[in-house]
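For the sequence shown, our numbering gives the first residue as 19, with consecutive numbering after it.
Written below as structure tokens is the structure these notes are about.
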Amino acid sequence: MTRVGLIGLGFMGKMHLRCYHALDDVIVTAICDADEKRLTDTKGTAGNIEGAEAPLDLSGLALYTDFEKMLAEENLDAVSITLPTFLHRDFTVKALKAGVNVLCEKPMALNTAQCEDMISTAEETGKTLQIGHCIRFWPEYAKTKQIIESAEHGDAVACSFRRLAAPPTWSWQNWLIDQEKSGGALMDLHIHDTDYVQYLFGPPKAVRSQALTGPTGGFDYVATQYIYPEEKAIVAEGGFVNSPCFRFEMSFNILLERGAIVYDCTRDPAFTLYPLEGEPFTPKVEPGDGYSREIAHFIKQIKGQNVPDIITPEDSLNAVKIVHAEKYAAETKKEVRI
Ligand SMILES: NC(=O)c1ccc[n+]([C@@H]2O[C@H](COP(=O)([O-])OP(=O)(O)OC[C@H]3O[C@@H](n4cnc5c(N)ncnc54)[C@H](O)[C@@H]3O)[C@@H](O)[C@H]2O)c1
Numbered sequence: 019m020t021r022v023g024l025i026g027l028g029f030m031g032k033m034h035l036r037c038y039h040a041l042d043d044v045i046v047t048a049i050c051d052a053d054e055k056r057l058t059d060t061k062g063t064a065g066n067i068e069g070a071e072a073p074l075d076l077s078g079l080a081l082y083t084d085f086e087k088m089l090a091e092e093n094l095d096a097v098s099i100t101l102p103t104f105l106h107r108d109f110t111v112k113a114l115k116a117g118v119n120v121l122c123e124k125p126m127a128l129n130t131a132q133c134e135d136m137i138s139t140a141e142e143t144g145k146t147l148q149i150g151h152c153i154r155f156w157p158e159y160a161k162t163k164q165i166i167e168s169a170e171h172g173d174a175v176a177c178s179f180r181r182l183a184a185p186p187t188w189s190w191q192n193w194l195i196d197q198e199k200s201g202g203a204l205m206d207l208h209i210h211d212t213d214y215v216q217y218l219f220g221p222p223k224a225v226r227s228q229a230l231t232g233p234t235g236g237f238d239y240v241a242t243q244y245i246y247p248e249e250k251a252i253v254a255e256g257g258f259v260n261s262p263c264f265r266f267e268m269s270f271n272i273l274l275e276r277g278a279i280v281y282d283c284t285r286d287p288a289f290t291l292y293p294l295e296g297e298p299f300t301p302k303v304e305p306g307d308g309y310s311r312e313i314a315h316f317i318k319q320i321k322g323q324n325v326p327d328i329i330t331p332e333d334s335l336n337a338v339k340i341v342h343a344e345k346y347a348a349e350t351k352k353e354v355r356i
């Protein structure tokens, strides 16, 4: 039985807990949160994941407000770090040094130096470090990568990605609305698409970006063009929309040489392949959602089972590096090489 602890019982902590509960041979034994009230909050999470709004069962769990005490007392194999981004590096390094495997939420950290500390500590300790780039595991996004790689409908020649949300209102001490703590919407939200672009096509040669300042006091909206030597047209738009009632949207349009793939979480059906000939259809995808699939992958990996190479800590560092390049490109109004 794999023994797991979790630190940070907010929006994502609850999501991770739900995913671990659904797995066999895994037991969450302990939870840590600095805010004691959160340790008794069994409300489910809102959002677009089926079943996530159901109340949580925290019975039988050891509850801590001190992470080091939890690490010392619980004999854990792994921890999920679902803390505000500015805390990712310090808590990941502590857990790895205590001999525990780590699944840390995305973005890996606020800057590349912090990411490099996390990577070098994982290497020194020989423990697994996975960053929660759930979009690589999201069934429709994973299927789209397979379709592109199969070249059944030809190469991808033009892609646009979009991720827009109302400014978040739920976060602990409003840390998400503080550019210094979250990196703003580019680092918190748009990074999902930045990372997916590099997952599909490798890191871009350069980026061109335009950005708008928003509620975090820094950039909270960006439109980026990712430049590749083969001159594919690849763009992504992401950020906070200036309306609290805006409904979250994640979507893409991918033009292939012989067809197109469209995904839009607000449409029904959300996922459609339009072949050059024949009728549009919804490609069959794996069951589950990106969160449960990434957590199952993490557990298999630490159990030493064979898993496909989906996400490495270096990929996660690169995602942070590319988002920083996008911010710099927007500030300087210049093309920035990666
Ligand atoms: N993968 C995704 O799709 C996705 C979605 C949302 C958030 N996230 C990421 O998950 C992370 C957490 O975001 P969230 O929305 O759950 O935030 P949140 O504010 O809802 O939760 C953070 C929790 O951490 C606790 N905390 C703060 N400082 C602590 C400390 N020193 N020790 C112990 N507990 C502490 C808070 O009390 C709170 O319960 C962020 O990095 C965010 O970017 C990822």
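By construction, the Cβ of each residue, glycine as well, lies at the ideal position given by its N, Cα and C atoms.
Everything numeric in this text was worked out from a predicted model, so none of it was measured.
Helix, strand or coil at residue i [DSSP, three-state]
i: residue 207; result: helix
i: residue 336; result: helix
i: residue 226; result: strand
i: residue 108; result: helix
i: residue 308; result: helix
i: residue 293; result: strand
i: residue 181; result: strand
i: residue 215; result: helix
i: residue 299; result: strand
i: residue 341; result: helix
i: residue 285; result: coil
i: residue 234; result: coil
i: residue 72; result: coil
i: residue 174; result: strand
Residue i - containing beta strand (DSSP E), residue span
i: residue 238; result: 237-245
i: residue 24; result: 20-25
i: residue 80; result: 80-82
i: residue 282; result: 277-282
i: residue 258; result: 251-258
i: residue 85; result: Counting along the chain, residue 85 falls outside any beta strand (DSSP E), though it belongs to the alpha helix (DSSP H) covering 85-92.
i: residue 148; result: 147-150
i: residue 98; result: 96-99
i: residue 48; result: 44-50
Neighbour flag for residue i against chain D, beta carbons, 9 angstroms
i: residue 181; result: Here there is only one protein chain, and chain D is not present.
Residue nearest to residue i in terms of C-alpha spacing, selected from the options
i: residue 77; options: 48, 235 and 143; result: 48
i: residue 26; options: 67, 266, 151 and 105; result: 105
i: residue 193; options: 28, 19, 321 and 23; result: 28
i: residue 157; options: 308, 62 and 35; result: 308
i: residue 301; options: 40, 238 and 280; result: 280
i: residue 208; options: 257, 165, 189 and 160; result: 257
i: residue 101; options: 68, 32 and 41; result: 32
i: residue 169; options: 206, 218 and 141; result: 218
i: residue 162; options: 327, 277 and 222; result: 277
i: residue 324; options: 315, 332, 184 and 84; result: 315
i: residue 94; options: 142, 50, 20 and 83; result: 20
i: residue 255; options: 352, 303, 205 and 23; result: 205
i: residue 89; options: 42, 114, 71 and 265; result: 114
i: residue 79; options: 71, 109 and 39; result: 39
i: residue 338; options: 125, 352 and 139; result: 125
Residue i, enclosing alpha helix (DSSP H) - first and last residue
i: residue 164; result: 157-168
i: residue 37; result: 29-39
i: residue 133; result: 130-143
i: residue 123; result: That residue, residue 123, is in no alpha helix (DSSP H); its beta strand (DSSP E) goes 119-123.
i: residue 267; result: From DSSP, residue 267 is part of no alpha helix (DSSP H) but of the beta strand (DSSP E) over 267-274.
i: residue 199; result: 197-200
Checklist entry - Is the number of C-beta pairs between the stretch 165-181 and the stretch 269-285 that are closer than 8 angstroms three or more? => result yes
Checklist entry - With contact counted as at least three CB pairs below 8 angstroms, one residue from each stretch, are the stretch 185-200 and the stretch 144-157 in contact? => result no
Checklist entry - So does the stretch 289-302 actually touch the stretch 211-226, counting three or more Cβ pairs closer than 8 angstroms? => result no
Next on the checklist: Assess contact between the stretch 242-250 and the stretch 124-136, defined as three or more Cβ pairs (one per stretch) separated by less than 8 angstroms. Is contact present?
Outcome noted: no
Checklist entry - Can at least three beta-carbon pairs, one atom from the stretch 336-348 and one from the stretch 216-227, be found at a separation below 8 angstroms? => result yes
Checklist entry - Do the stretch 149-168 and the stretch 243-258 make contact, defined as three or more Cβ pairs closer than 8 angstroms? => result no
Checklist entry - Taking three-plus beta-carbon pairs below 8 angstroms as touching, is the stretch 36-56 in contact with the stretch 118-128? => result no
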